[in-house]
Every structure is written in C-alpha cells, then in structure tokens.
Amino acid sequence: MLTSVAVGRRLAQRAIAWQAVAIAVTALASLAKGADWALAAGLGGAAIALGGWLSSVIALGGGVNPSTGALARLLAGVALKWVVVVAVLLLGVGMAGLSPVPMLAGVIVALFAQLLAMSRPLARH
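Be aware that the sequence shown starts at 19, since it is given in the working numbering, and climbs by one per residue.
In structure tokens, the structure reads:
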C-alpha cells in the first residue's frame, strides 16, 4: 500500500517529467523567432520545474508528521517555489535582457503540463 507521501513524490516526479517534455517542445517551437526566444521560453519553464521540484522536496521531505508540521512544510515549499520563479524571471528579463513574452509562455506551458500530469490518476502497482 502506498502512503500519501509516496503518492505525492510519484506525482511530483511525473509532473516534472511532463514539464520537461513540454518545455523542450516550447523551446523548439520558439526557435522560429530566434535563439533568444528559445532560451527565454526554456528558462521560464525551467523556473517552474525547478520551483516545483524544490517545493516537493520541502513539502514531502519530512515524512509523516502532525498536521501543523505538514502544513508548515507545504506552505514553505509553495513560498519557496514562487520566490524561485519570480527571481529567475527577474534575472532573465533584468540582467540577461531576455524577452518577457517567451518567458511567460514557458511558465504557462509548464504550469499547464503540471496541471495535466496531476489530473491523471496514478497507476497502482
């Protein structure tokens, strides 16, 4: 029998895999507008994937604890995810001079891939 923590880890791994494929497809499609657009789309999507991975490590890393500890880890994970995403987007646009449009496209595609991955039921083994 799987615990909710194990199911959460498997779901997070599947979401990151789906995001990686979606980000790669988006970056390849953005090559039509140039390498800068492809880099920006990849960076935007990678920010979501990295933030999601960090969030899952924090939220699911403490094992089974009382509800207050689990909720605190969940909130800390989500907060860290969005801090990472905003920081990467600001660095990409501000310091690297990348276009914000493909970066946001990468973010949207990665979030949509996460939504799709998490909406599918996990196979039980």
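From the three backbone atoms N, C-alpha and C, an ideal C-beta is built for every residue, glycine too. Note that this is a predicted model, so its numbers are computed, not measured.
Limits of the unbroken alpha helix (DSSP H) element including M121: Start and end: P118 to S137.
Whole runs of the alpha helix (DSSP H) within the segment 77 to 118, excluding any shorter than 4 residues: Segments of the alpha helix (DSSP H) lying fully in the segment 77 to 118: 85 to 108.
So, for A45: in the same chain, excluding its five sequence neighbours on each side, which residues have a beta-carbon less than 7 Å away from its beta-carbon? Apart from the 5 residues on each side of it in sequence, A45 sits with its Cβ closer than 7 Å to the Cβ of A56, A59 and G60 in its chain, given in chain order.
So the alpha helix (DSSP H) L46 belongs to, where does it begin and stop? L46 -> alpha helix (DSSP H) spans S22 to S48.
Is A131 near the ligand ATP, judged by its Cβ being under 8 Å from some heavy atom? Among the ligands in the structure shown, none appear at all, so the ligand ATP cannot be discussed.
Just checking my contact of V125 with A42 at CB under 8 Å: how many whole Å lie between their CB atoms? Not confirmed; about 15 Å, so no contact.
Just the C-alpha distance for L72 and V96, rounded to the nearest angstrom, thanks. Straight-line Cα distance between these residues: approximately 9 Å.
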